[in-house]
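Before any comments, here is the structure.
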Amino acid sequence: MLQTPILLTPGPLTTSLATRTAMLIDWGSWDSSFNVLTASVCADLLAIANGQTQHCCIPLQGSGTFAVEAALGTLVPRTGKLLVLENGAYGQRMSKIARAIGRDVVILSWPDGVAVDALAVKAKLQADPAITHIGLIHCETATGLLNPLPEIARIANDAGCELIVDAMSSFGALDIDVQALNLCAVIAASGKCLEGVPGMGFVIAKTAAIALAHGNSPSLALDLADQYEYLQRTGQWRFTPPTHVVAALRAALDQYQAEGGRSTRLERYTSNAKVLIERLKSAGLKLFLNENLQAPIILTFHAPAHPHYQFTTFYNAMRERGFVLYPGKLTQIETFRVGCIGAIDSAQLEQAAHAIIDVLTQLNWLTPAAEKNHA
Ligand SMILES: *Cc1c(COP(=O)(O)O)cnc(C)c1O
């Protein structure tokens, strides 16, 4: 049998056998049992975000980016103006999407590793009253940084702006209450903290905003107002649904609930991150972020300072030991990333940390911690 590697990446990630097994059945997209499956998945996703009263959950075929593009195109009117808060590659992608679909977009940006500053956002909104919507990345997966969602939500609400949150890598683990924060939309996907397989995005949006959004979307396939209307009317997806992905997500959600829901999942990821940080730090590796900005989702480490360091060699040696790492996503400095999410626990992270240290030591790329401290 093919050995499944442990994916230390932010998606696709390691899934459980039960989740993978749920994909062994073929579903007919017209079958009422599949409609029931879709409805139950959407109901559970809405409940995780506390969105049962004023929000709806709209599933969408494709990877997470498709859902981001769909949300921006559907929810930001053609006459709207979007302020994107950028502090990493996913924030940059959001403004790129907004430009590609022809929305008026302005940007506030911070360097990698610096959190979005709520006061600067407030000042920007005061200076530019034409801004109607704000786009924020909750956990900026490029570094692993957690942006201050509640503060930004408060400022958006005070200014009468709608907040759209890309919570792709945090949904299901970190707290997001769409009702309490009065969020316009939260965007996430099947294959990250929910531990399903990739292939389905979803948007939890204000039902009233979706009702007013007909005709906004520059795209047919990515029109969430149309997708939602069709789903409401027929119980079916507008176009061929990713049936196996939905079934796997149903199974993943069952395990999520059995595990104890969001807080238990967060605890598991937090202890995963803690093990990695402690072990790698004691081996002399340095975390890129200030620990107070670090979400327990994905960790960015500075690459060893050795002149011969090469990620590909490191990656291949780790792959041989059954672990899949993630390259860094910073342009200025050499880093590598290790994901803490997926159907893995601290025992596996312990093994992963051990393998990282072992591989780097064998390659002679690791300065012993003691030496470094004296340097
Ligand atoms: C994963 C991710 C996305 C979506 O990426 P895809 O490759 O399209 O799945 C978007 N935003 C963030 C913050 C992410 O972590």
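Quick note: the sequence shown, position 137, residue 136 per numbering that gives the first Met the number 0, numbers continuous. Cβ coordinates follow ideal geometry from the N, Cα and C atoms, glycine included.
Ordered along the chain, which non-local residues of its own chain (more than five positions away) have a Cβ less than 6 Å from that of HIS213?
-> Here residue 213 refers to the residue found at position 214 when the sequence shown is read from its first residue. So the list reads ALA224, once near-sequence residues are dropped.
Touch test, the stretch 142-156 against the stretch 97-108, Cβ-Cβ under 8 Å, three pairs minimum | no
Check whether ALA114 and PRO295 have beta carbons under 9 Å apart = Looking up residue 114 in the sequence shown gives position 115. Looking up residue 295 in the sequence shown gives position 296. Not in contact: ALA114 and PRO295 (Cβ atoms no closer than 9 Å).
Exposed unless 16 or more other CB atoms sit within 10 angstroms - verdict on LEU59 = The residue given as residue 59 occupies position 60 in the sequence shown. Burial call: buried.
Taking all protein chains shown into account, do 16 or more other C-beta atoms lie within 10 angstroms of the C-beta of GLY260, making it buried, or fewer, making it exposed?
-> For this step, residue 260 is matched to residue 261 along the sequence shown. GLY260 comes out exposed.
With DSSP collapsed to three states, give me the class of ASP103.
-> Sequence index remark: in the sequence shown, residue 103 carries index 104 (1-based). Note: ASP103 maps to strand in three-state DSSP.
Give the straight-line distance between the Cα atoms of HIS243 and ALA251, rounded to the nearest whole angstrom.
-> Taking the first residue of the sequence shown as position 1, residue 243 is located at position 244. Taking the first residue of the sequence shown as position 1, residue 251 is located at position 252. Cα to Cα, the separation comes out at about 12 Å.
Classification of HIS373 by the beta-carbon crowding that lies within 10 angstroms, buried from 16 upward | Here residue 373 is taken as the residue at index 374 of the sequence shown, counted from 1. Reliability of the predicted coordinates at HIS373 is poor, the pLDDT of 43 falling under 50, and no value is obtained from them.
Measure from the alpha carbon of LEU71 to the alpha carbon of each residue in ILE163, THR20, PHE322, ILE24, then state which is nearest.
-> Translated into positions along the sequence shown, residue 71 becomes position 72. LEU71 has its Cα closest to that of ILE163, out of ILE163, THR20, PHE322, ILE24.
How far does the alpha helix (DSSP H) with ILE203 in it reach, from first residue to last?
-> On the sequence shown, position 204 is the one that residue 203 refers to. Premise fails: ILE203 lies in the beta strand (DSSP E), 199-205, not in any alpha helix (DSSP H).
Inside the stretch 53-116 only - beta strand (DSSP E) runs reaching at least 3 residues | 54-60, 80-85, 103-108
Determine the closest residue to PHE310 out of LYS328, GLY321, ILE297, GLY79, with distance taken between C-alpha atoms.
-> One-based indexing of the sequence shown puts residue 310 at position 311. The shortest Cα separation from PHE310 among LYS328, GLY321, ILE297, GLY79 belongs to LYS328.
Inter-residue spacing [alpha-carbon to alpha-carbon] between ASP344 and CYS192 | The residue labelled residue 344 in the question sits at position 345 within the sequence shown. The residue labelled residue 192 in the question sits at position 193 within the sequence shown. The straight-line gap from Cα to Cα measures roughly 13 Å.
Whole angstroms is fine: what's the gap from TYR229's alpha carbon to GLN235's?
-> As a working mapping, residue 229 is identified with position 230 in the sequence shown. As a working mapping, residue 235 is identified with position 236 in the sequence shown. About 7 Å.
Extent of the continuous beta strand (DSSP E) run through GLN164 = As a working mapping, residue 164 is identified with position 165 in the sequence shown. The sequence given here has Val at residue 164, not Gln. Start and end: 161-165.
Beta-carbon spacing of GLN53, THR206 below 9 Å | By one-based count along the sequence shown, residue 53 stands at place 54. By one-based count along the sequence shown, residue 206 stands at place 207. Contact flag set, yes.
What separation, rounded to the nearest whole angstrom, lies between the Cα atoms of ILE136 and LEU124?
-> For this step, residue 136 is matched to residue 137 along the sequence shown. For this step, residue 124 is matched to residue 125 along the sequence shown. Distance between the alpha carbons of ILE136 and LEU124: 18 Å.
Roughly how many angstroms lie between the CA atoms of ALA369 and PHE287, to the nearest whole one?
-> Translated into the one-based positions of the sequence shown, residue 369 becomes position 370. Translated into the one-based positions of the sequence shown, residue 287 becomes position 288. In this prediction, ALA369 has a pLDDT of 45, which is less than 50 and means its spatial position is unreliable; what the coordinates show is noted afterwards. Approximately 20 Å between the Cα atoms of the pair.
Using the DSSP secondary-structure output, state which residues sit across from LEU173 in a beta bridge.
-> Indexing the sequence shown from 1 puts residue 173 at position 174. Beta-bridge pairing links LEU173 to PHE170.
Identify the residues that DSSP records as bridge partners of GLN293: which are they?
-> Working through the sequence shown from its first residue, we reach residue 293 at position 294. According to DSSP, which records beta bridges pairwise, GLN293 is partnered with LEU144.
Element boundaries [beta strand (DSSP E), containing ARG336] = Your numbering for residue 336 matches position 337 in the sequence shown. 334-338 is the extent of the beta strand (DSSP E) around ARG336.
Would you check whether ligand 1 has a heavy atom nearer than 8 Å to the C-beta of GLY10?
-> As a working note, residue 10 is residue 11 in the sequence shown. Yes, the beta carbon of GLY10 sits closer than 8 Å to at least one heavy atom of ligand 1.
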